[in-house]
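Input: a single structure, listed below in structure tokens.
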Amino acid sequence: MRVLVVEDEIKTGQYLKKGLTEHGFMVDVSDRGEDGLHLALTGDYAVIILDVMLPDQDGWSVIAELRRMGKQTPVIFLTARDTLQDRIKGLELGGDDYVVKPFAFSELLARLRTVLRRGPDRQPESIRIADLEIDFHRHKATRNKKRLDLSPKEFLLLWLLARHTGEVLTRTYISEQVWDINFDSDTNVVDVAILRLRKKVDDPSSVKLIHTIRGVGYVLEDRSDHIE
Amino acid sequence: MSSKTDQIILNNKKLFGFSTALSITKRLTILYAVSVFILLAISSVFLDWVLVSDLEKEDHQFLISEIQSLRVLLRENPENINAWREEVERETLASASAFVKYYVRILDEDSQTLVETPGMKEIISPLSFPDPLKIISPTAKGIKKKGHDGRPLLLITALVEPYRYEGKKRFIHIALDMSHEDAIISDYRKKMAIILFCGVILSAIIGFAITKEGLRPLKAIAKAFQGVGPEELQKRIGLTQWPDEVAILAGAFDMMLERLENSFTALSQFSANLAHELRTPINNLRGEAEVALCRARPAQEYRQVLESSLEEYGRLSRMIENLLFLAHADRKDALVRRSLISVHKEVEAIVEFYEAMAEEKAIKVICSGTAALEADPILFRQALSNILSNAFQYTPEGGTITVTIKKLDNSSVCVDIIDTGIGIETKDLPNIFHRFYRSERARIHYPQGTGLGFSIVKSIMDLHGGTVSVKSEPMKGTTVSLKFL
Chain H
1 MRVLVVEDEI KTGQYLKKGL TEHGFMVDVS DRGEDGLHLA LTGDYAVIIL DVMLPDQDGW
61 SVIAELRRMG KQTPVIFLTA RDTLQDRIKG LELGGDDYVV KPFAFSELLA RLRTVLRRGP
121 DRQPESIRIA DLEIDFHRHK ATRNKKRLDL SPKEFLLLWL LARHTGEVLT RTYISEQVWD
181 INFDSDTNVV DVAILRLRKK VDDPSSVKLI HTIRGVGYVL EDRSDHIE
Chain P
229 MSSKTDQIIL NNKKLFGFST ALSITKRLTI LYAVSVFILL AISSVFLDWV LVSDLEKEDH
289 QFLISEIQSL RVLLRENPEN INAWREEVER ETLASASAFV KYYVRILDED SQTLVETPGM
349 KEIISPLSFP DPLKIISPTA KGIKKKGHDG RPLLLITALV EPYRYEGKKR FIHIALDMSH
409 EDAIISDYRK KMAIILFCGV ILSAIIGFAI TKEGLRPLKA IAKAFQGVGP EELQKRIGLT
469 QWPDEVAILA GAFDMMLERL ENSFTALSQF SANLAHELRT PINNLRGEAE VALCRARPAQ
529 EYRQVLESSL EEYGRLSRMI ENLLFLAHAD RKDALVRRSL ISVHKEVEAI VEFYEAMAEE
589 KAIKVICSGT AALEADPILF RQALSNILSN AFQYTPEGGT ITVTIKKLDN SSVCVDIIDT
649 GIGIETKDLP NIFHRFYRSE RARIHYPQGT GLGFSIVKSI MDLHGGTVSV KSEPMKGTTV
709 SLKFL
């Protein structure tokens with residue numbers, strides 16, 4: 001999948017290219033609004049990551065021009081402008097998401113995948129990872145055929161992790177998706193919740209599924225077939 | 229200094245675009261001159277009127293007395309025209325050289341001239357005279373006319389009825405030359421014009437001088453204002469003796485200085501705290517990176533350094549986010565999107581978020597009461613979350629956190645969050661809303677806190693026009709009350 005990054009900060013552009021490439025995207029970086037717009041109009045990108053403050057043509061006018069020319073490529077704004085007015089403006093101009101600097105890379109990745117997933121793609125009804133089975137409709141999770149006793153929020157948390165298996169989810173993303181908490185909080189509530197979930201899900205089995213990525217967040221994956 | 233002040237004032241004028249406004253000095257000078265002009269004009273018109281009417285009265289009195297004496301002459305010598313002539317010629321010719329020049333003519337009832345002052349015909353014709361007076365009294369009025377040679381004349385006709393000659397009535401025509409009076413009046417008017425002109429000029433000069441003198445304290449206070457630089461905010465100018473009017477200004481300025489000084493102090497305190505708070509994570513980052521790079525290490529060790537850095541970065545990002553929130557709230561440009569929320573529902577949602585924590589620490593959370601409220605749901609949750617986060621941090625295992633929702637009256641709602649935690653010491657209570665303030669015990673108990681939580685709660689309450697208050701007893705617990713008005 002091809003991603004266009006329009007960002008004038010060279011370091012930011014470089015690490016975004018590196019990070020996204022390592023996650024399987026093909027990345028083009030442009031450090032000017034005009035060039036970015038040209039690439040966006042001519043190239044076939046799955047998503048565009050757009051900085052607002054650019055040296056020549058700012059991000060607002062880039063997206064406005066893009067939409068005027070009839071291009072509906074999803075756009076994620078990436079900017080240090082953090083006022084609510086700016087967020088609203090970004091979304092009104094046709095942006096699909098708005099990420100404020102400083103941001104966690106995994107956060108951006110998660111949002112990128114959310115934007116790409118939008119559309120006809122349906123949620124699966126059940127997921128199976130190693131000996132963990134989750135049935136969303138019946139609200140049932142089993143490990144090694146034994147039913148897990150989970151609270152509704154714990155079930156939602158497990159479902160979220162399982163649905164994104166292999167993806168690192170940040171604490172912010174998790175609290176937003178599970179508890180609808182849209183602000184950063186100082187607490188380690190998510191850590192505690194994961195700790196408790198881990199006890200219920202991983203303690204009964206020798207195969208550990210929930211892993212901590214220190215400083216980033218959490219991931220649910222079956223690592224039994226590769227050596228740590 | 230004065231020219232410098234003027235320069236500044238001039239610049240300000242240009243800056244604010246009110247260069248059309250007249251200076252106070254100019255304004256007062258013009259007002260002085262105009263008022264003196266009006267006063268002088270009114271008084272000179274009045275004096276003019278008095279002078280003119282006095283002169284007229286005098287002239288009439290003179291003419292009436294002349295008529296009386298002619299009547300006496302006619303009574304005493306009813307037949308003797310020569311005696312009349314003699315008398316008329318003597319009287320009027322004598323007057324020719326004096327100030328009061330007048331002419332007399334005596335006619336019969338057929339308008340036949342019997343006797344007249346020589347040369348009277350050439351000056352004024354008998355037809356110009358008015359109808360005879362009915363009664364000869366001091367209030368009788370003559371008419372003013374110009375003679376043939378252009379001299380102004382006052383004319384009176386009198387009827388001498390009782391003293392007939394050959395059965396015929398007599399008329400007396402008497403004309404007074406008024407050029408002398410006119411000269412007096414025009415001379416007076418000239419002088420008045422000069423007085424008026426000089427008065428206006430003089431009053432403008434005096435007004436200018438008075439204004440300059442009167443506004444001196446203003447210049448002095450402006451100088452005093454200029455003397456207060458950013459380094460001398462503790463200066464107060466009201467300590468000097470000022471006139472009452474300027475003292476108000478000095479007082480207001482001092483109050484402004486007081487507020488400025490307070491915010492300056494708060495700002496520098498805030499910067500110092502901010503620098504201090506930044507120092508710790510930056511120090512960790514720098515130290516770890518330096519040590520890691522000192523020599524080659526296995527990948528696992530580099531990995532640990534990066535992971536540890538990420539934690540610090542997260543802390544820094546959160547701090548920036550919180551500071552930006554506070555900055556927006558201070559400038560009131562944080563959008564408050566109010567909607568009608570069920571307080572109970574919002575509290576439940578946040579309590580659910582903390583559920584895992586509550587179970588882990590075996591803390592009982594009790595939630596009671598319901599109310600509806602106009603508030604921004606996200607901000608409400610954030611405020612509540614910050615308070616609950618503190619409550620969970622400082623409440624030991626097995627404790628209780630109670631959230632009560634009370635409706636005070638129609639529009640105001642009070643939310644109390646009561647914990648059985650370690651409490652806050654009395655000396656720390658006034659400071660807990662200060663940015664970055666953290667008590668000693670808080671630093672030990674919860675080192676990863678930022679010290680911004682309560683500041684954010686206060687900002688959120690300010691944005692909603694509400695209040696937040698804290699009561700606490702060490703080792704017993706803390707009660708935080710949010711009042712939405």
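So the protein lines, in turn, are chains H and P.
With my numbering applied, the first sequence corresponds to residues 1 to 228, in that order.
With my numbering applied, the second sequence corresponds to residues 229 to 713, in that order.
Every residue gets a Cβ at the ideal spot worked out from N, C-alpha and C, and that includes glycine.
Considering only C-alpha positions, which residue in the set the options is nearest to residue i?
i: H/I213; options: P/T706, P/L691, P/L612 and P/Q532; result: P/Q532
i: H/R63; options: H/G36, H/A46 and H/R138; result: The sequence shown places Ile at residue 63 of chain H, rather than the Arg named in the question. Comparing Cα-Cα distances from H/I63 to each of H/G36, H/A46 and H/R138, the minimum goes to H/G36.
i: H/G215; options: P/F553, P/G542 and P/N614; result: P/G542
i: P/D647; options: P/E337, P/K634, P/T706 and P/L554; result: P/T706
i: H/K199; options: H/L116, H/V178 and H/D149; result: H/D149
i: P/A779; options: P/V575, P/I629, P/R565 and P/F553; result: Given a span of 229 to 713 for chain P in the structure shown, any question on residue 779 of chain P remains unanswerable.
i: H/S175; options: H/L161, H/G166 and H/T165; result: H/L161
i: P/G515; options: P/S536, P/F498 and P/Q497; result: P/S536
i: H/I127; options: H/T114, H/R147, H/H164 and H/S151; result: H/H164
i: H/P102; options: H/F77, H/G33, H/L197 and H/T42; result: H/F77
i: H/G94; options: H/Y173, H/D180, H/I49 and H/L157; result: H/I49
i: H/D56; options: H/E7, H/K71, H/V99 and H/E22; result: H/E7
Determine the burial state of residue i: buried for a count of at least 16 other Cβ atoms within 10 Å of its Cβ, exposed for fewer.
i: H/I229; result: It is not possible to answer for residue 229 of chain H, since the shown part of chain H is limited to 1 through 228.
i: H/W60; result: buried
i: P/T654; result: exposed
i: P/A527; result: exposed
i: P/W277; result: exposed
i: P/A261; result: buried
i: P/Y331; result: buried
i: H/G90; result: buried
i: P/T623; result: buried
i: P/N614; result: buried
i: H/V219; result: buried
i: P/L616; result: buried
i: P/I422; result: exposed
i: P/P605; result: buried
i: P/I266; result: exposed
i: P/G457; result: exposed
i: P/G370; result: buried
i: H/G24; result: exposed
i: H/L209; result: buried
Which value, in whole angstroms, describes the spacing of the CA atoms of residue i and residue j?
i: P/K232; j: P/G455; result: Confidence at P/K232 is low in this model, with a pLDDT of 49, below 50, so the placement of that residue is unreliable and no value is reported for it.
i: H/T170; j: P/E602; result: 32 Å
i: P/L243; j: H/L54; result: Note that P/L243 scores a pLDDT of 47, beneath 50, so its modelled location is shaky and nothing firm can be said.
i: H/K18; j: P/I688; result: 40 Å
i: P/S596; j: P/A577; result: 14 Å
i: H/Y45; j: H/T73; result: 7 Å
i: H/L109; j: H/G13; result: 14 Å
i: P/I412; j: P/D377; result: 20 Å
i: H/I10; j: H/D31; result: 8 Å
i: P/S567; j: H/V207; result: 48 Å
i: H/V3; j: H/L20; result: 8 Å
i: P/M348; j: P/I402; result: 10 Å
i: P/P702; j: P/T493; result: 30 Å
i: H/G217; j: H/V178; result: 15 Å
i: H/R111; j: P/A524; result: 36 Å
i: P/A600; j: P/V575; result: 12 Å
i: P/V593; j: P/I633; result: 14 Å
DSSP has residue i in a bridge; who is on the other side?
i: H/L78; result: H/D51 and H/V99
i: H/A239; result: Look at the range of chain H in this structure, 1 to 228, and you will see that residue 239 of chain H is not part of it.
i: P/T706; result: P/S700
i: P/V593; result: P/I629
i: H/M26; result: H/R2
i: P/V332; result: P/I402
i: H/I127; result: H/I134
i: P/F265; result: BP columns for P/F265 are empty, so no partner.
i: H/T229; result: Outside the shown range of chain H (1 to 228) lies residue 229 of chain H, about which nothing can therefore be said.
At a cut-off of 6 Å, would you count residue i as near the ligand ZN, judging by its Cβ distance to the nearest heavy atom?
i: H/F136; result: Ligands displayed in this structure: none; no statement on the ligand ZN is therefore possible.
Name the chain C residues whose beta carbon is nearer than 9 Å to that of residue i?
i: H/D203; result: The structure shown contains no chain C; the protein chains it does contain are H and P.
- prompt: Do the segment 429 to 436 of chain P and the segment 364 to 379 of chain P touch if we need at least three Cβ pairs shorter than 8 Å?
  reply: no
message: Quick test of the definition: if touching needs 3 or more C-beta pairs under 8 Å, does the segment 477 to 489 of chain P touch the segment 457 to 468 of chain P?
response: yes
task: Take every Cβ of the segment 659 to 671 of chain P, pair it with every Cβ of the segment 500 to 509 of chain P, and state whether three or more of those distances are shorter than 8 Å.
output: yes
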